[in-house]
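In the numbering used here, the protein residues as written are 147 to 282.
Yeah, the Cβ is synthetic: ideal placement off N, Cα and C, and Gly gets one too.
(1) Can you give the Cα-Cα distance for residue 169 and residue 209, rounded to whole angstroms?
(2) Report yes if the C-beta distance between residue 195 and residue 160 is below 8 Å; otherwise report no.
(3) Can you give me the C-alpha to C-alpha distance between residue 174 and residue 271, rounded to a whole angstrom?
(4) So the alpha helix (DSSP H) residue 193 belongs to, where does it begin and stop?
(5) By the DSSP assignment, the beta strand (DSSP E) with residue 242 in it spans what residues?
(6) Which value, in whole angstroms, describes the spacing of the CA atoms of residue 252 and residue 236?
(7) Please report the Cβ distance between residue 147 and residue 247, rounded to the nearest whole angstrom; I am assuming they are in contact, meaning their Cβ atoms lie under 8 Å.
(8) Please tell me whether residue 174 has its Cβ less than 8 Å away from any Cβ of chain C.
(9) Please classify residue 185 as buried or exposed, where buried requires at least 16 neighbouring CB atoms within 10 angstroms.
(10) Can you tell me whether residue 162 is buried or exposed, with buried defined as 16 or more other CB within 10 angstroms of its CB?
(11) Which value, in whole angstroms, describes the spacing of the CA atoms of residue 250 and residue 215?
(12) Would you check if the distance between the CB atom of residue 204 and the CB atom of residue 154 is smaller than 8 Å?
(13) How close, in whole Å, do the beta carbons of residue 199 and residue 229 come, if the pair is a contact with beta carbons under 8 Å?
(14) Less than 8 Å between the beta carbons of residue 152 and residue 180, yes or no?
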């Protein structure tokens, strides 16, 4: 059996209007061979959850620069898990204060990337940690 291609959802939750970083990440992931779904700006948590379930993604990457990560990230994680997707890797990128990193990881964020993280670091982490799904 062959492994399924890794599917990554890149999403911009909330009112944050800055998406250059998310687009750079999405393109780098695509160029690295992942299947990438980019939701665009101003997504509600419900829209992100629905996209993650409909696209059957392995990874949900949230890009947040607005400071609303403590409200938005838990809602996305709870929603995805409640919808039945138990084997999803959650990544967050953006302006995340050091004191918020441990609480976010405690609720299910696997890795947090702040400005200056390398694209190769993100790609490598996903390759090593995304759930492996077999296709018939």
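On the basis of the supplied data:
(1) Distance from the CA atom of residue 169 to the CA atom of residue 209, rounded to whole angstroms, is 10 Å.
(2) Not a contact, by the Cβ cut-off of 8 Å.
(3) 13 Å
(4) 191 to 200
(5) Careful: residue 242 lies outside any beta strand (DSSP E) and carries neither H nor E.
(6) 12 Å
(7) Residue 147 to residue 247, Cβ: 37 Å. No contact.
(8) In the structure shown, chain C cannot be found, because there is only a single protein chain.
(9) buried
(10) Burial call: buried.
(11) Distance between the alpha carbons of residue 250 and residue 215: 9 Å.
(12) yes
(13) 5 Å
(14) yes
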